[in-house]
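To start, the structure itself, in structure tokens.
Residue numbers (full-length UniProt numbering): 1 to 413.
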């Protein structure tokens with residue numbers, strides 16, 4: 001992995017290391033925020049939900065704006081601004097205890113993510129060039145490593161004081177701000193858009209192949225999010241839930257490059273994504289079997305959840321690099337960050353709606369039905385992507401039609 005990282009330009013290496021630090025800083029704090037609000041500050045459950053909801057809404061709802069700013073102002077300034085804003089938001093969380101101030105801090109941290117997420121992906125795609133598929137695979141390794149390490153660091157700090165967690169997380173983002181300000185090169189991209197914002201948005205929304213692809217892939221985000229929703233609810237035990245997160249992170253970090261190298265030698269991007277989505281559907285079959293045949297067996301329940309976690313994570317590692325590469329291909333290398341912004345917004349809406357339905361089914365439906373619905377959603381997404389590739393407007397002339405050739409990439413082994 002390190003040899004492959006060194007084979008990229010300095011800007012790409014910095015973006016990957018920055019993403020590792022971004023996720024470490026974010027995940028060392030966010031898993032423990034709800035407990036601090038409810039236990040530490042004594043807030044009611046609805047206010048805790050409001051604070052967390054504002055963070056999610058300000059990020060998911062403003063991805064399009066963040067991508068637009070990146071295309072118009074340049075990737076580097078928007079990335080730096082996002083890290084600076086999150087520094088301020090996390091530092092504010094350490095000192096405030098009133099609802100208006102907490103809502104302001106939560107909104108700041110959410111908008112920060114909406115700023116740097118599309119910009120980082122667009123920058124990475126641009127500077128990786130013909131190796132962007134490989135770059136996105138390696139990027140996901142660092143992304144998942146941050147998710148794995150962040151909560152462990154936060155757990156050690158929260159035992160001392162939640163304020164310490166906030167200040168350390170803020171320090172991480174402050175360091176990132178300085179590092180990217182002085183070390184991250186200005187992206188050698190095309191002239192920023194000078195047209196009106198609404199015209200740019202109409203251009204992206206009018207890119208029918210891209211919009212259909214975003215809608216087809218939205219279900220995959222619903223499925224992958226079940227590692228944080230349905231699977232923990234199925235277990236109940238806090239210790240077992242932690243095991244799910246660890247298993248998912250380890251599989252992603254250890255397997256991402258090998259899965260991508262194996263897949264790109266055999267399949268085109270649509271073929272890899274279709275198979276990845278079908279594998280997501282298959283991941284929930286053990287949960288169906290357990291719920292239908294052995295619902296009272298705790299060991300079998302744990303085995304089914306861990307099997308589902310492993311298969312779902314492998315499916316995500318298969319799909320993710322090809323998916324990110326396809327967004328760039330469908331954008332025609334124009335307004336790339338804006339395309340990523342809209343893509344993330346569609347995914348966020350899909351996650352919200354999917355989680356509402358999943359939660360309702362878990363609470364009221366027969367035990368096996370929620371898992372059957374999730375499996376069916378994966379198959380529907382696979383069929384949709386395959387249909388777009390074969391006969392739809394995003395057909396072979398718009399999807400990457402050949403197997404990506406990764407120059408200089410060592411074989412996984």
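We treat Cβ as the ideally placed atom computed from N, Cα and C, and that holds for glycine. Here the structure is a predicted model, which is why all the values come from computation and not from measurement.
Can you list, in chain order, the residues of its chain whose CB lies under 7 Å from that of residue i, leaving out five sequence neighbours each side?
i	result
residue 309	227, 231, 244, 247, 248
residue 323	217, 273
residue 163	94
residue 105	89, 92, 93, 96
residue 399	At residue 399, the pLDDT of 47 sits below 50, so the modelled position is not reliable and the matter cannot be decided from this model.
residue 394	Reliability of the predicted coordinates at residue 394 is poor, the pLDDT of 45 falling under 50, and no value is obtained from them.
residue 350	218, 219, 221, 222
residue 51	37, 102, 103, 106
residue 307	286
residue 23	143, 146, 147, 150
residue 381	216, 217, 219, 220, 277
Please go through the same chain and pick out, in chain order, the residues whose beta-carbon is closer than 8 Å to the beta-carbon of residue i, but skip the five residues on each side of it.
i	result
residue 385	213, 216, 217, 270, 273, 274, 277
residue 407	Any answer about residue 407 is weak, because its pLDDT of 42 lies below 50 and its placement is not dependable; what the coordinates show is given next. Closer than 8 Å at the Cβ level, and outside the excluded window around residue 407, lie 130, 131.
residue 185	10, 11, 76
residue 403	Legend: pLDDT at residue 403 = 44, less than 50; position of this residue unreliable, no value from coordinates given.
residue 229	355, 358, 359
residue 297	290
residue 235	241, 244, 301, 302, 305
So residue i and residue j are in contact, right, with Cβ under 8 Å, and what is the actual spacing, rounded?
i	j	result
residue 115	residue 338	Not a contact, Cβ separation roughly 13 Å.
residue 153	residue 28	5 Å
residue 240	residue 155	At roughly 16 Å, the Cβ-Cβ gap does not stay under 8 Å, so residue 240 and residue 155 are not in contact.
residue 145	residue 253	5 Å
residue 120	residue 19	6 Å
residue 60	residue 358	No, residue 60 and residue 358 are not in contact; Cβ-Cβ is about 17 Å, not under 8 Å.
residue 340	residue 122	6 Å
residue 311	residue 347	Wrong, their Cβ atoms sit about 21 Å apart, outside the cutoff.
residue 362	residue 175	With a Cβ gap of about 41 Å, residue 362 and residue 175 do not count as contacting.
residue 313	residue 251	4 Å
residue 110	residue 160	With a Cβ gap of about 26 Å, residue 110 and residue 160 do not count as contacting.
Which residue comes first and which comes last in the alpha helix (DSSP H) that contains residue i?
i	result
residue 74	Premise fails: residue 74 is in no alpha helix (DSSP H) and is neither H nor E.
residue 346	336–364
residue 204	197–205
residue 43	Residue 43 -> no alpha helix (DSSP H), and no H or E assigned at all.
residue 386	369–390
residue 2	2–6
residue 312	298–331
residue 166	162–183
residue 99	99–128
residue 232	230–235
residue 276	269–283
residue 19	10–27
residue 219	208–224
residue 147	132–158
residue 295	From DSSP, residue 295 is part of no alpha helix (DSSP H); its letter is neither H nor E.
residue 62	From DSSP, residue 62 is part of no alpha helix (DSSP H); its letter is neither H nor E.
residue 34	30–35
Tell me whether the beta-carbon of residue i lies closer than 8 Å to the beta-carbon of residue j.
i	j	result
residue 371	residue 287	yes
residue 124	residue 135	yes
residue 140	residue 320	yes
residue 335	residue 204	yes
residue 118	residue 66	yes
residue 70	residue 80	no
residue 128	residue 8	yes
residue 187	residue 126	yes
residue 259	residue 352	no
residue 25	residue 169	yes
residue 68	residue 158	no
Can you name, in chain order, every residue of its own chain whose Cβ lies under 6 Å from the Cβ of residue i, other than the five neighbours on each side?
i	result
residue 279	315
residue 38	48
residue 281	375, 378, 379
residue 151	27, 31
residue 171	none
residue 142	16, 19, 20
residue 82	112, 115, 116
residue 294	300
residue 224	316
residue 181	80
* To do: Kindly confirm or deny that the region 198–209 and the region 90–99 touch, where touching means at least three C-beta pairs closer than 8 Å.
  => no
* Inter-stretch contact at 8 Å, needing at least 3 Cβ pairs: the region 75–94 / the region 368–382 -> no
* When the Cβ atoms of the region 352–368 are set against those of the region 285–303, are three or more pairs found closer than 8 Å? -> yes
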